[in-house]
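Peer 1: Sequential numbering of the sequence shown, starting at 75, is according to this note's numbering.
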Amino acid sequence: MPHPIRRRTALLTLLGAALLFPAASTQAASTKGAWFAPKSQLHARVALRPAPARAAQQTCANADVMPTDANEPAVREAILCLHNEIRAQRDLPALRQDFRLRRAALGHSSDMVSRRFFEHTTPAGVTMVDRILAARYTSRDIGWSLGENLAWGTGRLATPRSVMRAWMESPSHRANILKRNYREIGIGIVTGVPTSSAAGATYTADFGVVVRR
């Protein structure tokens with residue numbers, strides 16, 4: 075179970091993983107002052123610092139809106155824009171949306187909310203790799219690298235900008251966002267959170283690159 079820090083009425087919880095085929099996986103999430111669960115996949119509870127006043131430099135539309143069923147496409151575009159804005163600042167290639175990764179990400183966000191769990195692996199044992207392979211993004215007989223960032227938030231911490239700030243303040247999530255090799259991303263956002271019926275949103279970002287020879 076995630077153990078988020080309470081900040082008035084707003085909560086935010088993260089989880090991140092990466093896998094390079096055929097190398098072993100590394101799965102972690104960490105922030106300054108985080109509490110870690112004694113599990114192989116580590117949960118982190120996150121306390122966000124006040125955002126710096128840089129409104130003039132913020133160019134991604136809808137980055138501060140609260141996700142709803144009606145504005146999911148706009149929120150998804152905002153998350154993509156924020157990823158690529160951060161990567162462009164570091165001379166990294168932009169990420170392209172991939173419908174197969176998006177299908178895997180959206181299915182996982184929906185599953186976590188409906189079955190009230192927060193893990194890369196489902197209660198039935200379906201892993202991140204299983205889901206992405208099932209979406210036909212890649213196959214086991216060619217080279218690939220995959221990563222996944224998860225988050226759920228309520229209140230003001232459910233906005234795209236708040237989620238991206240938290241991911242960037244966590245070394246494992248930041249590593250996925252800034253990995254030069256990644257070329258595609260799939261973003262799945264659903265309203266609701268895995269732990270209760272509280273208003274909020276659950277995010278899955280699946281990253282990938284396939285080596286085609």
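Where a beta carbon is used, it is the ideal one built from N, C-alpha and C, also for glycine.
I'd like to know whether the C-beta atoms of T142 and T265 end up nearer to each other than 8 Å.
Peer 2: Yes, these two residues count as a Cβ contact at 8 Å.
Peer 1: Is G266 a contact residue of the ligand MN, with contact defined as CB to any heavy atom under 7 Å?
Peer 2: Among the ligands in the structure shown, none appear at all, so the ligand MN cannot be discussed.
Peer 1: Could you give the residue range of the beta strand (DSSP E) that holds F281?
Peer 2: Taken as a continuous stretch (DSSP letters only), the beta strand (DSSP E) holding F281 covers S270 to V285.
Peer 1: Kindly indicate which residue of E151, A135, N136 and M140 has the alpha-carbon position closest to the one of I261.
Peer 2: Comparing Cα positions, the closest option is E151.
Peer 1: Note down, in chain order, each residue of its chain lying with its Cβ closer than 7 Å to the Cβ of A179, except the 5 sequence neighbours on either side.
Peer 2: Closer than 7 Å at the Cβ level, and outside the excluded window around A179, lie G260, I261, G262, T278, A279 and D280.
Peer 1: Could you check if I216 is buried or exposed, using at least 16 other CB atoms within 10 Å of its CB as the buried criterion?
Peer 2: Classification of I216: exposed, given that the 10 Å Cβ count is below 16.
Peer 1: Please state the DSSP three-state secondary structure of V237.
Peer 2: In this structure, V237 counts as helix in the three-state DSSP scheme.
Peer 1: Do you know how far the Cα of L175 is from the Cα of V285?
Peer 2: If I take the Cα positions, the gap works out to 16 Å.
Peer 1: What span of residues does the alpha helix (DSSP H) with N250 cover, start to end?
Peer 2: Where N250 is concerned, the enclosing alpha helix (DSSP H) stretches over P245 to I251.
Peer 1: Counting pairs of beta carbons, one from the segment 233-251 and one from the segment 151-165, are three or more of them closer than 8 Å?
Peer 2: Short answer: they touch.
Peer 1: Counting only the same chain and skipping the five closest in sequence on each side, list residues whose C-beta sits under 7 Å from that of W218.
Peer 2: So the qualifying residues of the chain are F95, T212, G282, V283, V284 and V285.
Peer 1: Given a cut-off of 8 Å on the beta-carbon distance, is the pair T233 and A272 in contact?
Peer 2: No; because the gap between Cβ atoms is not below 8 Å, this pair is not in contact.
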